[in-house]
Structure formats: C-alpha cells, structure tokens
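Protein chains: 2
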Amino acid sequence: MPKVELDRLTPSNRTGYPPPFHQPVAGRWQRAVGQAAGLTALGAREVTLDPGAWSSQRHWHEGEDELLVMLAGEAVLIEDEGETPVRAGDIVAWAAGVRNGHHLVNRGDAPCRFLCVSAGSDAGGGYSDIDMMFTPAGDYVKDGTPYAKSRAAP
Amino acid sequence: MPKVELDRLTPSNRTGYPPPFHQPVAGRWQRAVGQAAGLTALGAREVTLDPGAWSSQRHWHEGEDELLVMLAGEAVLIEDEGETPVRAGDIVAWAAGVRNGHHLVNRGDAPCRFLCVSAGSDAGGGYSDIDMMFTPAGDYVKDGTPYAKSRAAP
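Structure (structure tokens):
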C-alpha cells in the first residue's frame, strides 16, 4: 500500500553542513518520504521547522528542480529580491540552474511543516550568503579548498 | 518570485484518452504547476476532482515515480489489493515499475484537490482494468494495435 505512514518514519535533524553553517538547521526535522516509498527518480522529504529554524543555507541547484508545498504553519521565503510569506497551501518551485538562492525561515512561534520534492541531476550548486559551494563530491570554499567534513545527505 | 500563482493558471480537463476511456476523467481539472514554474525534470500538477471524477484510468508507469499529497477533501485510492481512503494531508507514492495500477476516485459530494508530482523516464506503462497500454509514442490495444487518437499530455 503506497500511502506513506509518516508516523513510522523517524524525523532526523542530521545535516552535512560543516560548522558553523549547521547551526541554523538544528531545528529542521526531516522524514525521508521518497526513500520510504522506494522512489529513485523523485526525491521527497517531509520537513518540520521549529521556531527559528531554517530550511537550509540559502542555495540553488545547478541540475535539480525543487518544489515545496506548505502543509501547516507559515515561514518566510528569502531570495535575492527579498522576502515572501509562504502559508499553508502555498506551492513554491525553483527551476534547476537559476542562480537565485532560496531558503525558508520560520520566524513564528509555532512549527511549520512542508513537503519538499526534487528531481534532476546532482550537478552541485551554490550558496548565496556564505563562502561555500557544493558539488557531488562535497563542500568547498569558493576558492576551491575542500571543507574538512564531506557533505552527507540528510 | 517562485511562489506559484495558482489563480493565474487555467484549469484544464483535457485528456488524451481515446473514447470511451476519457469519460471518467471529464471532471478532472488540472493546473500545470511545473510548466508554469519552468521545471524540466520534475512534473507537477495541481488537480481538482469533481464529485464522481477519476484521477486517471487505473495505471502504472514503467519509468516514472509518482507522488501526491492531498490538499483538501478526500478520495478513494484503488489498487490491486483494494481501496484506501486518502484524506487531506495524506501522502501517497508509487515507485516506477511497480505493476500495480492505481487511481483516485472522488466518491464524495464535494471536490477534492491534490498536488501530483513525478520524475523519471517516459518508458510507458500499463492499465489494469482496460484493454490499453501506453508508450511514449501513444496508446495501444494490448495486442499492439494503435488507437486512432494519439495520446496528448494533459
């Protein structure tokens, strides 16, 4: 039966971000929906952001499309142009290769919860606000120096 | 700004199903979310099913993962094993190549609304309840005879 039993999936706040970039995502709890369902081409995670938590460092993907739908609560989407509220029912999508970093920040007093899906090729990407870039092989300072800790998928 | 402005997208009940298989999806209204957002690797449609409408003929994809999240209302998921209610907030996923046909039927008195996403390769697939199969080139009777009307993507 393909209905995803969310209650059986353990949320994880694991991140591969090297310090200190891991700190803002400590309150991001992810459940690996796509993996649980045996999906291979479509990535899918259910994400809860505690108050104050970020969805990620502000980033873009060179080869992957991303889309999220807010299921409950509210967060603020931050991009180059500024801020946009994202409320329950809102759908937000980012096409591969558009170098306008995005992330969501929960500035409210209650958790918010969304489903995030992605597809495409793992061709790395960039971060808008920090001196880091990512490739399939790991995280690098923008001058090309590898970070000591290799990136682990959440 | 990547927030999808659903109100600006025109719902379509177009289908490429040849008669009489088009009839049960006449009350299926789709908005092309992924296309509007410029996505190329990730398919995304917001779908409203009027009372009585089906999401599709009961089918599977050989090369594409599919996932939906019910946003409002309720429908019944039908597969080989039987029926499962799908309610607002439920997530349902189908891995590519699993030959267990699925579709949703709205048996209620009110519309239901879901987001459906997909990714993978267009390798065709099959239908569980009707004498039809689909390939990237169109629809065929299971004996290999092409249907007169070629399949058009909704």
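In order, the protein sequences belong to chains A and B.
The first sequence begins at 1 in UniProt numbering and counts up one residue at a time.
The second sequence begins at 1 in UniProt numbering and counts up one residue at a time.
Heads up, the beta-carbon is just placed ideally off N, CA and C, and yes, glycines get one too.
The structure displayed is predicted, hence computed values, not measured ones.
Residue i in three-state terms, based on DSSP
i, result
"A36 of chain A", "helix"
"Q57 of chain A", "coil"
"L6 of chain A", "helix"
"V141 of chain B", "coil"
"V25 of chain A", "helix"
"G52 of chain A", "coil"
"V105 of chain A", "strand"
"G126 of chain B", "strand"
DSSP beta-bridge partners of residue i
i, result
"G82 of chain B", "B:E79"
"E64 of chain A", "A:G120"
"V69 of chain A", "A:I91 and A:L115"
"A44 of chain B", "B:V117"
"T135 of chain B", "B:G138"
"P146 of chain A", "A:Y140"
"R31 of chain B", "B:E46"
Residue-level contact to chain A via CB, residue i, 8 Å cutoff
i, result
"Q57 of chain B", "no"
"G16 of chain B", "no"
"I130 of chain B", "no"
"V105 of chain B", "no"
"K3 of chain B", "yes"
"W29 of chain B", "no"
"E74 of chain B", "no"
"D80 of chain B", "no"
"T84 of chain B", "yes"
"G126 of chain B", "no"
"L42 of chain B", "yes"
"A110 of chain B", "no"
"E64 of chain B", "yes"
"G138 of chain B", "no"
Below-8 Å beta-carbon distance, residue i vs any chain B residue
i, result
"I91 of chain A", "yes"
"H102 of chain A", "yes"
"T135 of chain A", "no"
"R94 of chain A", "What sits at residue 94 of chain A in the sequence shown is Trp, not Arg. Yes, W94 of chain A lies at the interface with chain B (some Cβ there is under 8 Å from its Cβ)."
"V117 of chain A", "yes"
"L49 of chain A", "no"
"V69 of chain A", "yes"
"V33 of chain A", "yes"
"D122 of chain A", "no"
"P154 of chain A", "Low per-residue confidence applies at P154 of chain A: pLDDT is 43, beneath 50, and the placement is therefore not dependable, though the value from the model is reported in the following sentence. No, because no Cβ of chain B sits closer than 8 Å to the Cβ of P154 of chain A."
Sequence-distant residues of the same chain with beta carbon closer than 8 Å to residue i, five excluded per side
i, result
"P136 of chain A", "D122, A123 and G124"
"A110 of chain A", "P51 and G73"
"V98 of chain B", "W60"
Sequence-distant residues of its chain with Cβ nearer than 6 Å to residue i (five each side left out)
i, result
"E81 of chain B", "none"
"A153 of chain A", "With a pLDDT of 45 at A153 of chain A, under the threshold of 50, the predicted position of this residue should be treated as unreliable, though the coordinate-derived value follows. No residues qualify anywhere along the chain."
"N106 of chain A", "L49, P51, A53, A75 and C112"
"D129 of chain A", "R58"
"L9 of chain A", "R31 and A36"
"L104 of chain A", "S55, A75 and L77"
"P24 of chain B", "W54"
"S12 of chain B", "Q30"
"M132 of chain A", "D139"
"N100 of chain A", "E79 and D80"
"V141 of chain B", "D131"
Close-in-space but distant-in-sequence residues of the same chain around residue i (CB under 7 Å, 5 per side omitted)
i, result
"L68 of chain B", "V92, F114, L115 and C116"
"G38 of chain A", "none"
"R87 of chain B", "M70 and E74"
"G43 of chain B", "G34, V117, S118 and A119"
"G108 of chain B", "P51, G73 and E74"
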